[in-house]
Every structure is written in C-alpha cells, then in structure tokens.
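J.: In the UniProt record's numbering, the protein residues as written are 1 to 278.
1) Nearest to residue 115 by alpha carbon, out of 48, 107 and 85?
2) Are the Cβ atoms of residue 148 and residue 160 separated by less than 8 Å?
3) Of the choices 205, 204, 195 and 219, whose alpha-carbon is the least far from that of residue 179?
4) Identify every run of the beta strand (DSSP E) within the region 42 to 113, keeping only runs that are complete inside it and at least 3 residues long; order them along the chain.
5) Residues in the same chain with beta-carbon distance under 8 Å from residue 33, minus the five sequence neighbours each way, listed in chain order, please.
6) So the candidates are 164, 61 and 190; which of them puts its Cα closest to the Cα of residue 80?
7) Rank 145, 131 and 200 by C-alpha distance to the C-alpha of residue 186 and give the top, closest one.
8) Between residue 106 and the rest of its own chain, which residues show a CB-CB distance below 6 Å, the 5 nearest in sequence each way excluded?
9) Under the rule that 16 or more other beta-carbon atoms within 10 Å means buried, what is residue 138, buried or exposed?
10) Can residue 249 and residue 15 be called in contact, C-beta distance under 8 Å?
11) Starting from the C-beta of residue 4, find all residues in its chain whose C-beta is less than 6 Å away, skip the five residues before and the five after it, and write them out in chain order.
12) With a 10 Å radius around its C-beta and 16 neighbouring C-beta atoms as the bar for buried, classify residue 2 as buried or exposed.
13) Using the rule of at least 16 other Cβ atoms within 10 Å of the residue's Cβ for burial, across every protein chain shown, is residue 8 buried or exposed?
14) Helix, strand or coil, according to DSSP, for residue 166 in the structure here?
15) Between residue 18 and residue 181, what straight-line distance do the alpha-carbon atoms span, to the nearest angstrom?
16) Which residues in the same chain as residue 63 place their Cβ atom closer than 6 Å to its Cβ, once the five residues preceding and following it in sequence are excluded?
17) Just the C-alpha distance for residue 169 and residue 140, rounded to the nearest angstrom, thanks.
18) Whose C-alpha, out of 30, 11 and 121, is nearest the C-alpha of residue 52?
19) Grab the span of the alpha helix (DSSP H) containing residue 179 for me, first residue to last.
20) Grouping DSSP H, G and I as helix and E and B as strand, with all else coil, what is residue 5?
21) Three-state secondary structure (DSSP) at residue 120?
22) According to DSSP, simplified to helix, strand and coil, what is residue 143?
23) Tell me which same chain residues have a C-beta within less than 6 Å of the C-beta of residue 150, skipping the five on either side of it?
24) I'd like to confirm the pairing. Which residues does DSSP put opposite residue 198 in its beta bridges?
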C-alpha cells in the first residue's frame, strides 16, 4: 500500500492551476442550496492553501488525524467505518469499546494503531430525511466543526475528512458538500492561531467528486490569474510544485462541461424526497 504524506496532498491553488477546479463565472447566479453564503467571498490564498482535496483511500493518508464516519456505538460498521477498523486492526475496536459511544453530530478521538496516521477522530453523521432537512444540516455541520475542534485540542495539525453521511446514511452529495465546505471555511477563518495547517477533503465515489468540484469554487474561490508578464516572472522563481502533489492532483477528473446524468443517484434522490430511507 502506497502511503500518501500530508505535504503531498494537493491544495486548492494547485488544483486551480491545473484546471481541476474552475472559478465560478462572473455574474453567475448562486445555487439555492448553498449554506451560509449570500455572495462569493473574496479570494484568500491563505485559506485556499490550507485546504487539500484528493480522491483516494483515506486509510493511506500519513497525517495527524483522519476522520471516521462512524456509528453511534463506535463499534465499527459498513462503508468507510468498516474499512478504517479493518486497516487499524483490533486495537481500535478495543479502545472504542471504552468510549461509551458518541452522539450524532459529535466526535471522539482514539489512537490509529496500524494506520499510517497518528489519530482517528470518530464522528457520527445524521441519517438524512428530507422532512428533517434543517436538523440534518445542523448535525452534519456539527460533525465537521466538532471534529476540527477535537483535532485542534489534540494538536492534530493535518486532518483528512471523508464524505460524512453520503453513503448508506442517504445524505445526497449535492446537499452535503455545501454544509461541509461552510463548516470548514468557518473554522479556518476563526482559527486565528493557525492551530490546524491543512484540512483535506477525501472523496472516493464519483458522485462526491462531482459535488465538491461544483461547490468548492463558491466557498474557496481562486485568486485572479496574474497577467502574462507576472506569470513569466513566477515561472522563473522558486515556486515549484512537488511532483507527488501534482501527480495526485492529476488523478482528480476534470470538471464536466455538461450536467452529468446519473440514473442511480437520481433514483436515490427521488426516494429520499418521497421520505424513504436508503
């Protein structure tokens, strides 16, 4: 298994440079499903440089902490929860048994055991019900905010998140991504002491990639492109992108030029809107 170091995970400036992310067009109307965002904020190279984005296996990340999308019991389960427990080994489950579970929207921290990261932060996402959308949104935002607070309190300076609740818990990716991005942005803005250096969004399924490719530019817009003369000066400077980061960035698909059609997830959304659980 190839281990991915924290400094090799591509940050947003590199992804914009490689056109893996594209800025929102001037004058484009804001989508109605944005969370806590009335207008596109001013670009911030500092914020963008503290946000990583990668598609891959979260158990390969050699960072201070990865976040596990856990059940309230914290005793392992399906999806990413089961994957993390399998890779960590039995010591993780043994420690989790001592924690007494975890409420939805909260987070607890354990050792990482056989994983390459130092700690695992377990957060419990909400099961999504359209009839309880506001409550689900609040709980999901709390998952990200609480996990980051736990990370900072335990000196974890690099943190990798999976896509919480977008699997069997039924939270549609297009609704979950703005919640996550809003919570991450708010934390980083309020983190005046820079207790956390890098927050990484780790996607795996294509539906999550599409959602984050769409919404990241609203919450973390790119710096305006430099004029050609300045670009030439920059190219002769010392701003060299590490090869591993560029290679990992290339693994992200380019933004689609048309609205993607996904019958499976369209059907899933329809079932959710009808009040069914998946």
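Idealized CB from N, CA, C, for every residue including glycine.
T.: The structure says:
1) 85
2) no
3) 219
4) 51 to 55, 65 to 69 and 107 to 111
5) 174, 175 and 178
6) 164
7) 145
8) 146
9) exposed
10) yes
11) 60 and 61
12) exposed
13) buried
14) coil
15) 21 Å
16) 6, 117, 158 and 160
17) 11 Å
18) 11
19) 173 to 190
20) strand
21) strand
22) helix
23) 107, 109 and 121
24) 158
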